[in-house]
Amino acid sequence: MRVERAAELIRAAREDLGLSQTGLAAAAGMQQPTISAYESGRKRPRPESLRRILEAAHTRPSIPLAIYADAILDEAKRFHLDDVRVFGSAVRGQDTEHSDIDLLVHLTPAASLFDLGGFAHEVELITGFEVDVLTDDLEDDEHFAHVLDEAVPL
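In the numbering used here, each residue's number is its place in the sequence shown (first place is 1) plus 1215.
So this is what it looks like as structure tokens:
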């Protein structure tokens, strides 16, 4: 998981759960001034500290997905993908800390299956959550229609 924008991520996760800094600090086994320093950006957490905080906050995947959307879209371009859309529990507001991220993408002519796998891996590194990536080339498949109906742009 990336620590860039950690301040924003920690604050959003804490507020999503309705915790105070003191409550989050207690849940993460830290001191409140440490959480305050992370949230203000005065101090950057180590990756293992960030993971511990986000686990204590029961962070849902929709939170890093929203915060890191621009970075994810940049990765999509790098891997020759476009029209990145989200579907599943994150779109329905039903995601939990145990949910994954479901993405739908369009393969450009330059894209390969290696690009698809590389993109999924990078999004997992960015968000800290497992990622499932589907391509929109199945749009004529009747079993795929619900995905297209639900998918929204990232």
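Just so you know, even glycine gets a beta-carbon here, dropped at the ideal spot from N, CA and C. Just so it is clear, the structure is predicted and the values come from calculations on it, not from any experiment.
Residue i versus residue j: straight-line alpha-carbon distance, rounded
i	j	result
V1348	T1311	19 angstroms
P1324	D1356	21 angstroms
H1362	R1259	Sequence inspection shows Val at residue 1362; the His mentioned does not correspond to that position. Their backbone Cα atoms lie some 38 angstroms apart in a straight line.
I1268	G1256	15 angstroms
L1296	P1279	20 angstroms
M1216	V1338	9 angstroms
H1313	L1353	27 angstroms
Residues bridged to residue i [DSSP beta-bridge criterion]
i	result
H1321	D1297
V1367	V1301
Residue i vs residue j beta-carbon contact at 8 angstroms
i	j	result
F1334	D1315	no
I1341	Y1253	no
R1229	A1272	yes
A1366	L1331	no
For residue i, the first and last residue of its enclosing beta strand (DSSP E)
i	result
V1348	1346-1350
N-terminal and C-terminal residue of the alpha helix (DSSP H) that residue i is part of
i	result
P1248	1247-1255
Same chain, Cβ closer than 8 angstroms to residue i, five either side skipped, listed in chain order
i	result
D1231	A1272, T1274, R1275, I1278
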